[in-house]
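A.B. asks: I'd like to ask some things about the structure below.
Numbering (our numbering), first residue to last: 2 to 600.
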């Protein structure tokens with residue numbers, strides 16, 4: 002109760018730090034709380050009596066990360082560890098937990114930020130991004146900074162958020178320690194080099210001290226697992242069951258995985274990172290197409306293994322990137338591919354519809370003067386990266402299990418079957434198959450703190466996954482009603498994912514209402530955005546009553562169409578103009594009442 006009151010007052014702590022303080026104190030007994038209270042009071046008094054100790058904060062290296070999938074957080078955490086090992090005082094925090102008013106006090110600021118969607122800032126970086134671009138941003142003449150930008154060159158606005166931060170800080174008078182570092186999907190080597198370079202660059206600015214001022218953000222989170230993206234847990238697949246009908250044109254799987262005694266924990270809204278192996282048939286096709294020996298020994302880093310092993314477990318075969326298309330065009334000498342590789346828009350469309358095996362088959366290396374060694378092949382291919390899936394279960398319900406809803410990505414090209422790497426791995430998994438996993442926290446897709454708050458969930462297709470987790474969690478907490486699901490898919494009979502569960506939730510009163518859109522069950526196509534418009538009056542009233550709104554699924558079209566439908570509801574029912582409607586939903590987003598998990 003006290004912390005709740007304190008958090009509503011002006012506080013030097015960020016909201017994230019308040020939440021962590023709440024989490025810590027909720028687990029302490031009265032005696033432990035009394036001890037902590039005395040310890041903090043003594044620490045504060047010591048600071049008042051020792052001005053030199055207060056000056057220590059001026060020597061702090063502040064490291065902020067803006068991360069959508071966890072890569073940025075990992076890079077920032079590794080930098081913080083190295084900085085502390087060298088004796089620096091470090092303040093590590095998510096941009097979403099950072100108090101922007103503190104910015105003008107900083108002297109050294111190191112930023113790690115990814116780019117989301119079409120050049121957009123990731124969720125936890127939005128507020129800082131907006132603040133720096135606003136008139137409220139202060140002059141930063143005393144600040145030295147460096148930015149590492151994470152991105153994917155397959156997208157048009159590569160590393161845009163990092164570029165924005167770097168440009169804006171310079172305009173505000175801050176001094177760059179190093180040129181902006183732009184990292185592609187295979188970012189580890191570049192990030193490691195940046196760590197070394199930036200820590201060397203700050204040496205003249207900060208005196209190394211054996212004392213270490215560690216913020217709440219740098220402490221290991223309570224319950225944080227030892228299993229991470231770099232150190233995943235080898236779990237066991239319990240089931241991979243098709244949940245679409247025989248007549249469906251899509252294969253969607255309900256996958257159950259046993260976390261055993263790993264201690265891995267997750268919350269409704271989190272994602273599961275899944276490492277996978279490439280399909281053996283696909284690997285063999287590539288080897289035969291390039292006339293390379295499967296058993297040739299190759300070296301990756303410090304590891305020696307066969308070429309086939311490397312292609313199965315270490316290299317990306319199902320996702321192309323622009324640099325590989327251009328390199329292959331030059332190797333093959335294909336005029337058609339060379340012309341295509343020079344057009345950014347054409348390349349973007351090409352890589353969505355092709356895999357590496359298609360390059361090998363359609364643009365063969367016919368020039369006898371051109372040979373492709375195993376080592377050169379591995380240089381061309383990106384490292385395999387795990388895929389993230391929204392978790393479709395609540396641990397309150399399934400305990401040591403984790404459930405996923407996985408759509409098998411499949412296509413046929415020139416008579417050859419092509420599958421998505423991770424989705425095919427999971428769809429093909431038999432009971433007992435080992436799969437390496439880790440939990441990726443998503444603090445920007447959470448149920449409301451107040452259980453009485455209404456929730457509106459928009460999740461067509463596999464976007465329904467986290468809402469299954471939401472409902473399991475709400476039922477476990479004994480929350481009834483005030484929940485509304487919008488679901489869509491092509492056909493009612495074939496594609497109504499988890500139909501019986503939703504019907505049971507409705508019958509029990511756990512789910513207040515559900516509106517469905519089965520696009521192909523009538524002459525004209527009906528999607529979730531159409532249902533939102535139809536129910537605009539009621540939906541607007543829910544929002545006026547404080548409802549939290551969630552969207553999960555396809556970012557390219559669905560999320561945009563749903564957002565536009567919401568704007569139209571605000572205009573037609575709420576009486577706002579377009580500009581005011583956009584501002585209204587931007588305010589909801591800032592207040593964490595409008596959250597998206599889109600991909």
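Where a beta carbon is used, it is the ideal one built from N, C-alpha and C, also for glycine.
Note that the structure is a prediction, hence the values are computed from the model and not measured.
Hey, quick one: how far does the beta strand (DSSP E) through residue 457 stretch, first residue to last?
C.D. replies: To locate residue 457, count along the chain shown from 1; it is residue 456. Note, residue 457: beta strand (DSSP E), 456-459.
A.B. asks: Got a sec? Which residues, its chain only, sit under 7 Å from residue 494 by beta carbon, not counting five neighbours each side?
C.D. replies: As a working mapping, residue 494 is identified with position 493 in the chain shown. 246, listed in sequence order.
A.B. asks: Give the C-beta separation of residue 147 and residue 179 to the nearest angstrom, bearing in mind that I take them to be a contact with Cβ-Cβ under 8 Å.
C.D. replies: Here residue 147 refers to the residue found at position 146 when the chain shown is read from its first residue. Here residue 179 refers to the residue found at position 178 when the chain shown is read from its first residue. Confirmed, Cβ separation roughly 5 Å.
A.B. asks: Short of 6 Å in beta carbon distance, which residues of its chain neighbour residue 375, apart from the five on each side in sequence? Order them along the chain.
C.D. replies: Taking the first residue of the chain shown as 1, we reach residue 375 at position 374. Once the five neighbours on either side are set aside, the close Cβ partners of residue 375 are 293, 297, 299 and 308.
A.B. asks: Looking at the unbroken alpha helix (DSSP H) that takes in residue 349, where does it start and where does it end?
C.D. replies: Along the chain shown, read from residue 1 onward, the residue named residue 349 stands at position 348. Looking at the DSSP string, the run of the alpha helix (DSSP H) that includes residue 349 is 345-354.
A.B. asks: Does DSSP classify residue 296 as helix, strand or coil?
C.D. replies: One-based indexing of the chain shown puts residue 296 at position 295. In the structure shown, residue 296 sits in coil (DSSP, three-state: anything other than H, G, I, E or B).
A.B. asks: Give me the Cα-Cα distance between residue 111 and residue 385, rounded to the nearest whole angstrom.
C.D. replies: Position 110 of the chain shown, counting from 1, holds the residue named residue 111. Position 384 of the chain shown, counting from 1, holds the residue named residue 385. Whole-angstrom Cα-Cα distance: 28 Å.
A.B. asks: Hey, is the region 417-434 in contact with the region 486-503, meaning 3+ C-beta pairs nearer than 8 Å?
C.D. replies: With a cut-off of 8 Å, the region 486-503 and the region 417-434 do not count as touching, because too few Cβ pairs lie within range.
A.B. asks: Exposed or buried, which one is residue 600 when buried takes at least 16 other CB atoms within 10 Å?
C.D. replies: Working through the chain shown from its first residue, we reach residue 600 at position 599. Under this definition residue 600 is a buried residue.
A.B. asks: Which complete alpha helix (DSSP H) runs does the region 364-449 hold, if anything under 4 residues is left out?
C.D. replies: Within the region 364-449, the complete alpha helix (DSSP H) runs of at least 4 residues are 375-381, 396-399 and 422-429.
A.B. asks: Taking only the alpha-carbon atoms, compute the straight-line gap between residue 460 and residue 488 and give it to the nearest angstrom.
C.D. replies: Position 459 of the chain shown, counted from the start, is the residue given in the question as residue 460. Position 487 of the chain shown, counted from the start, is the residue given in the question as residue 488. Rounded to the nearest angstrom, the two C-alpha atoms are 5 Å apart.
A.B. asks: Round the Cβ separation of residue 251 and residue 466 to the nearest angstrom and send it over; I've been treating them as touching at under 8 Å.
C.D. replies: Numbered from its first residue, the chain shown carries residue 251 at position 250. Numbered from its first residue, the chain shown carries residue 466 at position 465. Not confirmed; about 15 Å, so no contact.
A.B. asks: Which whole-angstrom value describes the C-beta separation of residue 124 and residue 88, a residue pair presumed to lie in contact below a C-beta threshold of 8 Å?
C.D. replies: Counting from 1 along the chain shown, the entry for residue 124 is found at position 123. Counting from 1 along the chain shown, the entry for residue 88 is found at position 87. Not quite, the Cβ-Cβ distance comes to about 33 Å (not below 8 Å), so this is no contact.
A.B. asks: First and last residue of the alpha helix (DSSP H) that includes residue 495?
C.D. replies: Position 494 of the chain shown, counted from the first residue, corresponds to residue 495. It spans 493-496 - the alpha helix (DSSP H) in which residue 495 sits, taken as one unbroken run.
A.B. asks: If the criterion is Cβ atoms closer than 8 Å, does the pair residue 516 and residue 538 meet it?
C.D. replies: Position 515 of the chain shown, counted from the first residue, corresponds to residue 516. Position 537 of the chain shown, counted from the first residue, corresponds to residue 538. Taking 8 Å as the Cβ cut-off, residue 516 and residue 538 do not qualify as a contacting pair.
A.B. asks: Can you list, in chain order, the residues of its chain whose CB lies under 8 Å from that of residue 473, leaving out five sequence neighbours each side?
C.D. replies: Translated into the one-based positions of the chain shown, residue 473 becomes position 472. Taken in chain order, the residues that qualify are 269, 394, 395, 397, 398 and 399.
A.B. asks: Between the beta-carbon of residue 551 and the beta-carbon of residue 457, is there less than 8 Å?
C.D. replies: Position 550 of the chain shown, counting from 1, holds the residue named residue 551. Position 456 of the chain shown, counting from 1, holds the residue named residue 457. Closer than 8 Å, so yes.
A.B. asks: Pick helix, strand or coil for residue 487, following the three-state DSSP scheme.
C.D. replies: As a position in the chain shown, residue 487 is number 486, starting the count at 1. Here residue 487 sits in strand by DSSP.
A.B. asks: For residue 188 versus residue 437, is the C-beta spacing smaller than 8 Å?
C.D. replies: As a first step, residue 188 is located in the chain shown; it is residue number 187 there, counting from the start. As a first step, residue 437 is located in the chain shown; it is residue number 436 there, counting from the start. Cβ distance not < 8 Å, so residue 188 and residue 437 don't count as in contact.
A.B. asks: Going by CA-CA distance only, name the one from 257, 244 and 229 that's closest to residue 263.
C.D. replies: Within the chain shown, numbered from 1, the residue matching residue 263 stands at position 262. It is 229.
A.B. asks: With burial defined as no fewer than 16 other Cβ atoms inside 10 Å of the residue's Cβ, what is the status of residue 311: buried or exposed?
C.D. replies: On the chain shown, residue 311 is found 310 positions in, with the first residue counted as 1. Buried: at least 16 other Cβ atoms inside 10 Å.
A.B. asks: Label residue 353 either buried or exposed according to how many other C-beta atoms from any shown protein chain fall within 10 Å of its C-beta, with 16 as the threshold for buried.
C.D. replies: Here residue 353 refers to the residue found at position 352 when the chain shown is read from its first residue. Residue 353 is exposed by the Cβ-count criterion.
A.B. asks: Does the distance from the CB of residue 509 to the CB of residue 420 come in under 8 Å?
C.D. replies: Numbered from 1 along the chain shown, position 508 holds the residue referred to as residue 509. Numbered from 1 along the chain shown, position 419 holds the residue referred to as residue 420. Cβ distance not < 8 Å, so residue 509 and residue 420 don't count as in contact.
A.B. asks: How should residue 347 be labelled, buried or exposed, when 16 other C-beta atoms within 10 angstroms of its C-beta is the threshold for buried?
C.D. replies: Residue mapping note: residue 347 aligns to position 346 of the chain shown, counting from 1. Burial call: exposed.
A.B. asks: Going by CA-CA distance only, name the one from 207, 559, 405 and 545 that's closest to residue 243.
C.D. replies: As a working mapping, residue 243 is identified with position 242 in the chain shown. Selected option, being the one with the closest Cα: 405.
A.B. asks: For residue 593, does the three-state DSSP call read helix, strand or coil?
C.D. replies: Indexing the chain shown from 1 puts residue 593 at position 592. Looking at residue 593 - three-state DSSP - the assignment turns out to be coil, as it is neither helix nor strand.
A.B. asks: For residue 515, does the three-state DSSP call read helix, strand or coil?
C.D. replies: Numbered from 1 along the chain shown, position 514 holds the residue referred to as residue 515. Correct three-state label for residue 515: strand.
A.B. asks: Below 8 Å CB to CB, which residues in the same chain sit around residue 73 once its five sequence neighbours on both sides are set aside?
C.D. replies: Sequence index remark: in the chain shown, residue 73 carries index 72 (1-based). Counting only Cβ-Cβ distances below 8 Å, and skipping sequence neighbours, we find 66, 67, 113, 114, 115, 123 and 151.
A.B. asks: By Cβ distance below 8 Å, which residues in the same chain neighbour residue 128 in space, the five residues on each side in sequence not counted?
C.D. replies: As a first step, residue 128 is located in the chain shown; it is residue number 127 there, counting from the start. Only 96, 97, 101 and 591 meet the Cβ criterion.
A.B. asks: So, do the region 552-563 and the region 574-585 have three or more beta carbon pairs nearer to each other than 8 Å?
C.D. replies: No, they do not touch.
A.B. asks: If contacts are defined as beta-carbon pairs under 8 Å, then residue 290 and residue 199 qualify, I think. What distance do you get, rounded to the angstrom?
C.D. replies: Position 289 of the chain shown holds residue 290. Position 198 of the chain shown holds residue 199. Between residue 199 and residue 290 the Cβ distance is about 43 Å, and since that is not below 8 Å, they are no contact.
A.B. asks: Quick one: residues in its chain with C-beta nearer than 6 Å to the C-beta of residue 334, no 5 flanking neighbours on either side, listed in chain order?
C.D. replies: Counting from one through the chain shown, the residue named residue 334 turns up at place 333. So the list reads 368, once near-sequence residues are dropped.
A.B. asks: Using the C-alpha atoms, what's the distance from residue 428 back to residue 391?
C.D. replies: Locating residue 391 in the chain shown gives position 390, counting from the first residue. Locating residue 428 in the chain shown gives position 427, counting from the first residue. The straight-line gap from Cα to Cα measures roughly 16 Å.
A.B. asks: Out of 328, 485, 554 and 546, which has the shortest C-alpha to C-alpha gap to residue 533?
C.D. replies: The residue you call residue 533 lines up with position 532 of the chain shown. Residue 485 is the option with its Cα nearest to residue 533.
A.B. asks: Compute the distance between the beta-carbons of residue 182 and residue 191, then report whether it is under 8 Å.
C.D. replies: As a first step, residue 182 is located in the chain shown; it is residue number 181 there, counting from the start. As a first step, residue 191 is located in the chain shown; it is residue number 190 there, counting from the start. Yes, the pair counts as a contact, with Cβ atoms nearer than the cut-off.
A.B. asks: Between residue 277 and the rest of its own chain, which residues show a CB-CB distance below 6 Å, the 5 nearest in sequence each way excluded?
C.D. replies: By one-based count along the chain shown, residue 277 stands at place 276. Same-chain partners within the cutoff: 422, 423 and 426.
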